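Data first, discussion second: the structure below is written as C-alpha coordinates.
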Amino acid sequence: MDFLGHLRTINHHKMLVTKMCFRVGLYWQGICHDLSKYHPIEFIPGGIYYQGDRSPINREKELKQCSRGWLHHKGRNPHHFEYWIDYSIDPRGLVGMKMPKKYVAEMVIDRICASKNYQKEKYTDRSALDYYVNGRGMMLIHEESDYLAEYLLTILADRGEEYLIRYMRRVLLKHRNRDYHVRNGKLILD
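All letters in the sequence shown, in the order written, are residues 3 to 192 by this note's numbering.
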(Lines of atoms letter the chains of each structure in order from A and count residues from 1; the text may use other names and numbers.)
(Lines give C-alpha, C1' and ligand atoms only; values in the text may rest on other atoms or scores of the structure.)
Protein backbone atom coordinates (compact mmCIF):
# COMPACT_ATOMS: atom_id res chain seq x y z
CA MET A 1 0.00 0.00 0.00
CA ASP A 2 1.53 3.28 -1.13
CA PHE A 3 -0.86 6.19 -1.56
CA LEU A 4 1.89 8.77 -1.95
CA GLY A 5 3.66 6.70 -4.61
CA HIS A 6 0.36 6.27 -6.45
CA LEU A 7 -0.34 10.02 -6.27
CA ARG A 8 3.13 10.80 -7.65
CA THR A 9 2.64 8.30 -10.48
CA ILE A 10 -0.75 9.64 -11.58
CA ASN A 11 0.39 13.26 -11.23
CA HIS A 12 3.47 12.56 -13.35
CA HIS A 13 1.41 10.67 -15.93
CA LYS A 14 -1.17 13.44 -16.09
CA MET A 15 1.56 16.05 -16.53
CA LEU A 16 3.15 14.07 -19.41
CA VAL A 17 -0.22 13.59 -21.14
CA THR A 18 -1.25 17.23 -20.64
CA LYS A 19 2.00 18.51 -22.18
CA MET A 20 1.73 16.19 -25.18
CA CYS A 21 -1.98 16.96 -25.69
CA PHE A 22 -1.17 20.67 -25.68
CA ARG A 23 1.57 20.09 -28.27
CA VAL A 24 -0.93 18.48 -30.67
CA GLY A 25 -3.68 21.04 -29.95
CA LEU A 26 -5.93 18.96 -27.68
CA TYR A 27 -6.01 21.55 -24.90
CA TRP A 28 -9.27 20.66 -23.15
CA GLN A 29 -8.50 16.93 -23.31
CA GLY A 30 -5.08 17.60 -21.82
CA ILE A 31 -6.60 19.52 -18.92
CA CYS A 32 -9.34 16.95 -18.25
CA HIS A 33 -7.30 13.80 -18.90
CA ASP A 34 -7.79 11.15 -16.20
CA LEU A 35 -9.35 13.48 -13.62
CA SER A 36 -11.46 10.54 -12.46
CA LYS A 37 -8.28 8.91 -11.07
CA TYR A 38 -8.54 11.31 -8.12
CA HIS A 39 -12.05 10.04 -7.23
CA PRO A 40 -11.97 7.77 -4.14
CA ILE A 41 -13.40 4.76 -6.02
CA GLU A 42 -10.30 4.86 -8.27
CA PHE A 43 -7.69 6.46 -6.02
CA ILE A 44 -8.03 4.24 -2.94
CA PRO A 45 -7.58 0.90 -4.76
CA GLY A 46 -4.78 2.53 -6.77
CA GLY A 47 -2.92 3.20 -3.53
CA ILE A 48 -3.69 -0.24 -2.10
CA TYR A 49 -2.47 -2.13 -5.20
CA TYR A 50 0.30 0.29 -6.18
CA GLN A 51 3.50 -1.35 -7.43
CA GLY A 52 5.21 1.48 -9.31
CA ASP A 53 6.14 -0.44 -12.46
CA ARG A 54 2.67 -1.23 -13.82
CA SER A 55 -0.95 -0.27 -13.38
CA PRO A 56 -2.40 -1.11 -9.96
CA ILE A 57 -5.60 -2.06 -11.80
CA ASN A 58 -3.86 -5.16 -13.20
CA ARG A 59 -2.73 -6.25 -9.73
CA GLU A 60 -6.23 -5.74 -8.33
CA LYS A 61 -7.69 -7.82 -11.19
CA GLU A 62 -5.17 -10.61 -10.54
CA LEU A 63 -6.26 -10.79 -6.91
CA LYS A 64 -9.98 -10.03 -7.18
CA GLN A 65 -10.83 -10.77 -10.85
CA CYS A 66 -12.44 -7.31 -11.06
CA SER A 67 -11.57 -3.69 -10.49
CA ARG A 68 -14.41 -1.34 -9.57
CA GLY A 69 -12.00 1.55 -10.07
CA TRP A 70 -11.38 0.45 -13.66
CA LEU A 71 -15.10 0.12 -14.35
CA HIS A 72 -15.52 3.67 -13.05
CA HIS A 73 -12.52 4.96 -15.01
CA LYS A 74 -13.32 3.49 -18.43
CA GLY A 75 -16.91 4.70 -18.22
CA ARG A 76 -15.83 8.32 -17.76
CA ASN A 77 -12.86 8.63 -20.08
CA PRO A 78 -13.58 8.45 -23.83
CA HIS A 79 -9.89 8.05 -24.67
CA HIS A 80 -10.22 4.40 -23.64
CA PHE A 81 -11.53 2.08 -26.35
CA GLU A 82 -13.54 0.27 -23.66
CA TYR A 83 -15.66 3.41 -23.28
CA TRP A 84 -16.87 2.82 -26.86
CA ILE A 85 -18.03 -0.78 -26.41
CA ASP A 86 -21.76 -1.10 -26.97
CA TYR A 87 -24.24 -3.78 -27.94
CA SER A 88 -25.20 -4.18 -31.54
CA ILE A 89 -28.53 -5.34 -32.92
CA ASP A 90 -26.97 -6.65 -36.13
CA PRO A 91 -24.80 -8.57 -35.59
CA ARG A 92 -26.02 -9.30 -32.08
CA GLY A 93 -23.51 -8.86 -29.31
CA LEU A 94 -20.92 -6.44 -28.03
CA VAL A 95 -18.92 -4.45 -30.56
CA GLY A 96 -16.38 -1.68 -30.53
CA MET A 97 -17.86 1.54 -31.86
CA LYS A 98 -15.71 3.84 -33.99
CA MET A 99 -13.86 6.35 -31.85
CA PRO A 100 -13.59 10.00 -32.91
CA LYS A 101 -10.04 10.73 -34.04
CA LYS A 102 -9.39 13.18 -31.19
CA TYR A 103 -9.95 10.35 -28.70
CA VAL A 104 -7.80 7.92 -30.68
CA ALA A 105 -5.08 10.58 -30.58
CA GLU A 106 -5.49 10.95 -26.81
CA MET A 107 -5.48 7.14 -26.40
CA VAL A 108 -2.16 6.99 -28.27
CA ILE A 109 -0.73 9.81 -26.16
CA ASP A 110 -1.96 8.01 -23.04
CA ARG A 111 -0.17 4.81 -24.10
CA ILE A 112 3.05 6.68 -24.85
CA CYS A 113 3.02 8.50 -21.51
CA ALA A 114 2.07 5.38 -19.53
CA SER A 115 5.01 3.57 -21.16
CA LYS A 116 7.33 6.44 -20.23
CA ASN A 117 5.95 6.55 -16.69
CA TYR A 118 6.31 2.84 -15.96
CA GLN A 119 9.37 1.94 -18.05
CA LYS A 120 11.37 5.06 -17.12
CA GLU A 121 14.90 4.77 -18.60
CA LYS A 122 13.98 1.56 -20.48
CA TYR A 123 11.42 3.46 -22.59
CA THR A 124 12.00 3.67 -26.35
CA ASP A 125 9.84 5.07 -29.13
CA ARG A 126 8.83 1.47 -29.86
CA SER A 127 7.60 0.71 -26.31
CA ALA A 128 4.01 1.93 -26.73
CA LEU A 129 3.57 0.08 -30.05
CA ASP A 130 4.88 -3.17 -28.53
CA TYR A 131 2.52 -2.79 -25.56
CA TYR A 132 -0.42 -2.08 -27.85
CA VAL A 133 0.21 -4.98 -30.21
CA ASN A 134 0.89 -7.35 -27.31
CA GLY A 135 -2.52 -6.54 -25.77
CA ARG A 136 -4.51 -6.67 -29.01
CA GLY A 137 -5.93 -10.13 -28.25
CA MET A 138 -7.81 -8.66 -25.28
CA MET A 139 -9.26 -5.70 -27.18
CA LEU A 140 -12.77 -5.19 -28.46
CA ILE A 141 -12.08 -2.14 -30.58
CA HIS A 142 -13.51 -0.90 -33.88
CA GLU A 143 -11.25 -1.98 -36.74
CA GLU A 144 -10.75 1.56 -38.06
CA SER A 145 -9.95 2.94 -34.60
CA ASP A 146 -7.51 0.06 -34.10
CA TYR A 147 -5.90 0.76 -37.47
CA LEU A 148 -5.50 4.46 -36.68
CA ALA A 149 -4.01 3.77 -33.24
CA GLU A 150 -1.49 1.28 -34.62
CA TYR A 151 -0.73 3.64 -37.54
CA LEU A 152 0.12 6.47 -35.13
CA LEU A 153 2.17 4.23 -32.83
CA THR A 154 4.07 2.91 -35.86
CA ILE A 155 4.89 6.48 -36.87
CA LEU A 156 6.31 6.96 -33.38
CA ALA A 157 8.35 3.74 -33.57
CA ASP A 158 9.69 4.47 -37.06
CA ARG A 159 10.12 8.25 -37.09
CA GLY A 160 10.15 9.42 -33.46
CA GLU A 161 8.05 11.54 -31.15
CA GLU A 162 8.65 14.93 -32.77
CA TYR A 163 7.50 13.64 -36.15
CA LEU A 164 4.41 12.03 -34.58
CA ILE A 165 3.47 15.25 -32.80
CA ARG A 166 3.81 17.26 -36.03
CA TYR A 167 1.76 14.67 -37.92
CA MET A 168 -1.00 14.64 -35.32
CA ARG A 169 -1.20 18.43 -35.16
CA ARG A 170 -0.76 19.31 -38.83
CA VAL A 171 -2.47 16.37 -40.53
CA LEU A 172 -4.67 14.20 -38.30
CA LEU A 173 -6.21 16.93 -36.15
CA LYS A 174 -5.96 19.87 -38.54
CA HIS A 175 -9.60 19.61 -39.58
CA ARG A 176 -11.37 18.53 -36.38
CA ASN A 177 -14.75 17.82 -37.95
CA ARG A 178 -13.45 15.59 -40.72
CA ASP A 179 -13.58 11.84 -40.26
CA TYR A 180 -11.12 9.03 -40.95
CA HIS A 181 -11.62 5.74 -42.77
CA VAL A 182 -9.58 2.74 -43.76
CA ARG A 183 -9.91 1.62 -47.35
CA ASN A 184 -7.84 -1.12 -48.98
CA GLY A 185 -5.50 -1.13 -45.99
CA LYS A 186 -4.83 2.63 -46.15
CA LEU A 187 -5.80 5.45 -43.83
CA ILE A 188 -8.00 8.08 -45.49
CA LEU A 189 -8.58 11.43 -43.79
CA ASP A 190 -11.71 13.12 -45.16
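A virtual CB, placed ideally from N, CA and C, is assigned to each residue, including glycine.
Values in this document were obtained by computation on a predicted structure and should not be read as measured data.
Assigned secondary structure, residue i (DSSP; H/G/I helix, E/B strand, else coil)
i, result
"Tyr89", "strand"
"Ile111", "helix"
"Tyr51", "coil"
"Lys188", "strand"
"Cys68", "coil"
"Met17", "helix"
"Met141", "coil"
"Met22", "helix"
"His82", "coil"
"Arg128", "coil"
Sequence-distant residues of its chain with Cβ nearer than 8 Å to residue i (five each side left out)
i, result
"Lys104", "Leu28, Gln31, Leu175 and Arg178"
"Ile157", "Tyr165, Leu166 and Tyr169"
"Lys21", "Gly32"
"Met109", "His81, His82, Phe83, Met101 and Ala151"
Proximity test, residue i beta-carbon vs the ligand NAP heavy atom, cut-off 7 Å
i, result
"Pro58", "With respect to small molecules bound, the structure shown includes none, and the ligand NAP cannot be examined in it."
Same chain, Cβ closer than 7 Å to residue i, five either side skipped, listed in chain order
i, result
"Asn119", "Thr11, His14, His15 and Leu18"
"Leu189", "Tyr149, Leu150, Tyr153 and Tyr182"
"Gly7", "Tyr52 and Gly54"
"Phe5", "Gly49"
"Tyr133", "Arg113 and Ser117"
Separation of residue j from residue i, as counted between CA atoms
i, j, result
"Asn60", "Cys68", "9 Å"
"Pro80", "Ile33", "14 Å"
"Ser90", "Ala159", "35 Å"
"His75", "Ser57", "13 Å"
"Gly95", "Ser38", "28 Å"
"Arg78", "Glu84", "10 Å"
"Ile43", "Ile143", "26 Å"
"Asp127", "Leu191", "24 Å"
"Leu65", "Val184", "39 Å"
"Leu131", "Gln121", "13 Å"
Nonlocal neighbours in the same chain, by C-beta distance under 6 Å from residue i, ignoring five residues either side
i, result
"Glu62", "Pro47, Tyr51 and Ser69"
"Asp36", "Lys16"
"His88", "The amino acid at residue 88 is misidentified as His; the sequence shows Asp. Cβ neighbours of Asp88 beyond the five flanking positions: Met99."
Bridge partner(s) assigned by DSSP for residue i
i, result
"Gly95", "Ser90"
"His183", "Ile190"
Would the region 10-26 and the region 162-173 be scored as touching if the rule is three or more Cβ pairs under 8 Å?
yes
Count the C-beta pairs between the region 144-155 and the region 109-119 that are closer than 8 Å, then say yes if the count reaches three, no if not.
yes
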